[in-house]
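Q: Read left to right, the sequence shown gives residues -16 to -1, 1 to 328 (mature numbering (1 follows the signal peptide of the UniProt record, and there is no 0)).
Where is the CB? At the ideal position from N, CA and C, for every residue including glycine.
Being a predicted model, the structure only gives us computed values, none of them experimental.
Take a look at this one; I'll ask things after.
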Amino acid sequence: MNPLALMMFLISLAIGTTTTMLSHHWLLAWIGLEINTLALLPIMMKTPHPRAIEAATKYFLTQATASALMLFSCLINALQTGEWNINNPPNLMTTPLSLAIMMKLGLAPLHFWLPEVLQGTPLSTGLILSTWQKIPPMILLLQISPNINLTLMVIMGLTSILIGGWGGIGQTQLRKIMAFSSIGHLGWIILILKLNPQLSLFSFILYIIMTTAMFLSLIMISTTKMSQISISWTKNPAMITTTMLILLSLAGLPPLTGFQPKLLIILELVKQNMIISATLTMLTSLLALFFYLRLTYIVTLTLSPSTHNSTITWRTSMKPQLSSAITSIMALTLLPLTPAILLT
């Protein structure tokens, strides 16, 4: 793709996200989301491949459906109340509106488009889709969080954690695994959105950091399948070790960063006397833990018998990147912040 065109599309993405984040008017927020969607479509199709075009078509149809439902809900809301303000009191259209935003996020059971779309795009586009594109809908959900039905949030959250773990178990494609990982993590975030929006926002920021670190690692070692990552040890042992630790952080194991949001969310659920929800959340998250551990085993504890003896040419073919280093450090070492967060 022409660098000038790519820069224009990326600037449009930034403008769409900023418009949605700064708006108090539903129509302006909707316009920002549409700018975001339309700017991402050419980036998804920059590789002229049938899979990329199929992914872009699925993404467009899903986002268009969610946008139509969102606009319809906003219009009915304006008809009933006479206002377009986002922070209106709850009414009849709050539930369909929140469902439309959740479809844009890819939460279960409205998640079917996300693994297929992510699988059909390059890793760099998958990074934008899994992180940047989640920001505007999440900000809108945070703004309307006081008005959302708590039962709906808990059901969607638990379903997303279950689907995120269950769907990822049988996958061999790394992009699909990252898609189900995204669904599971967003389930954790949605679960306590109404109870503690600040904790939801904090968990979302950590999710973006960890997912960015994982995608940048995959981009650096140029792998999209388990069979490729299992023989990547000779390319860069240090990078593969870091990738393994990022996977364990995504799994939520201490003493890594990913343990922090899960600990705080479980504590919040227990504090709110939602013991059954906390128990179900921990049990269903074991499914996700299984496929993270399986991937960790494949990454570091298996070595192909056909690996060449000389590793010098492999190791010198990779250039270290500052962005990958910074996000990897943040994805692994932020757990000591937990006491400071608990005190605020």
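1) Go through its chain and collect everything with a Cβ distance to residue 82's Cβ below 6 Å, but skip five positions before and after it.
2) So residue 39 packs on residue 101, CB below 8 Å; how close in whole Å?
3) Which residue from 130, 172, 158, 134 puts its Cα closest to that of residue 147?
4) Comparing C-alpha positions only, which one of 175, 193, 163 sits nearest to residue 103?
5) How many Å lie between residue 324 and residue 34 at the Cα?
6) Look at the Cβ atom of residue 97, then the Cβ atom of residue 46, and state whether they are nearer than 7 Å.
7) By the three-class DSSP mapping on this structure, what secondary structure does residue -10 have?
8) Of all the options 225, 265, -16, which has the alpha carbon lying nearest to the alpha carbon of residue 283?
9) Rounded to a whole number of angstroms, what is the C-alpha to C-alpha distance between residue 25 and residue 240?
10) Check each candidate in 262, 261, 204, 169 and name the one with the smallest Cα separation from residue 189.
11) Taking the CB atoms as reference points, tell me whether residue 308 and residue 200 lie closer together than 7 Å.
12) Is it the case that the Cβ atoms of residue 271 and residue 116 are separated by a distance below 7 Å?
13) With respect to the alpha helix (DSSP H) encompassing residue 38, which residues constitute its N-terminal and C-terminal limits?
14) In angstroms with no decimal places, state the Cα-to-Cα distance between residue 61 and residue 88.
15) Whose CA, out of 128, 66, 143, lies closest to the CA of residue 90?
16) Could you have a look at residue 219 and say whether DSSP puts it in helix, strand or coil?
17) What did DSSP end up calling residue 75 once you bin it into helix, strand or coil?
18) Do residue 64 and residue 72 have their C-beta atoms closer together than 7 Å?
19) Assign residue 300 to one of two classes, buried (16 or more other C-beta atoms within 10 Å of its C-beta) or exposed (fewer than that).
A: Straight from the coordinates:
1) Residue 82 sits at position 98 when you count from the first residue of the sequence shown. The residues are 132.
2) The residue you call residue 39 lines up with position 55 of the sequence shown. The residue you call residue 101 lines up with position 117 of the sequence shown. Indeed they touch by this definition, with Cβ atoms about 5 Å apart.
3) What you label residue 147 is simply residue 163 of the sequence shown in a count that begins at 1. Closest by alpha carbon: 172.
4) One-based indexing of the sequence shown puts residue 103 at position 119. Nearest neighbour of residue 103 by Cα position, chosen from 175, 193, 163, turns out to be 163.
5) Translated into positions along the sequence shown, residue 324 becomes position 340. Translated into positions along the sequence shown, residue 34 becomes position 50. Taking the Cα positions, residue 324 is about 49 Å away from residue 34.
6) Locating residue 97 in the sequence shown gives position 113, where the first residue counts as 1. Locating residue 46 in the sequence shown gives position 62, where the first residue counts as 1. Yes, they are a contact pair.
7) Along the sequence shown, read from residue 1 onward, the residue named residue -10 stands at position 7. Note: residue -10 maps to helix in three-state DSSP.
8) For the purposes of this step, residue 283 is taken as residue 299 along the sequence shown, with counting starting at 1. Comparing alpha-carbon positions, the option among 225, 265, -16 lying closest to residue 283 turns out to be 225.
9) Sequence index remark: in the sequence shown, residue 25 carries index 41 (1-based). Sequence index remark: in the sequence shown, residue 240 carries index 256 (1-based). Going from the Cα of residue 25 to the Cα of residue 240 covers about 35 Å.
10) Translated into the one-based positions of the sequence shown, residue 189 becomes position 205. If we check each option's Cα against that of residue 189, 169 comes out closest.
11) For the purposes of this step, residue 308 is taken as the residue at position 324 of the sequence shown. For the purposes of this step, residue 200 is taken as the residue at position 216 of the sequence shown. A contact, by the Cβ cut-off of 7 Å.
12) If you number the sequence shown from 1, residue 271 lands on position 287. If you number the sequence shown from 1, residue 116 lands on position 132. Residue 271 is not a Cβ neighbour of residue 116, given a cutoff of 7 Å.
13) Counting from one through the sequence shown, the residue named residue 38 turns up at place 54. Where residue 38 is concerned, the enclosing alpha helix (DSSP H) stretches over 34 to 65.
14) Mapped onto the sequence shown, residue 61 falls at position 77. Mapped onto the sequence shown, residue 88 falls at position 104. Their backbone Cα atoms lie some 20 Å apart in a straight line.
15) By one-based count along the sequence shown, residue 90 stands at place 106. If you compare the alpha carbons of 128, 66, 143 with that of residue 90, the shortest gap goes to 143.
16) What you label residue 219 is simply residue 235 of the sequence shown in a count that begins at 1. Assigned with DSSP and collapsed to three states, residue 219 falls in coil, not helix or strand.
17) The residue labelled residue 75 in the question sits at position 91 within the sequence shown. Correct three-state label for residue 75: coil.
18) As a working note, residue 64 is residue 80 in the sequence shown. As a working note, residue 72 is residue 88 in the sequence shown. Going by C-beta atoms, residue 64 is not nearer than 7 Å to residue 72.
19) Start at 1 with the first residue of the sequence shown, and residue 300 comes out as number 316. Note on residue 300: pLDDT 45, under 50, position unreliable in the model; no value is reported.
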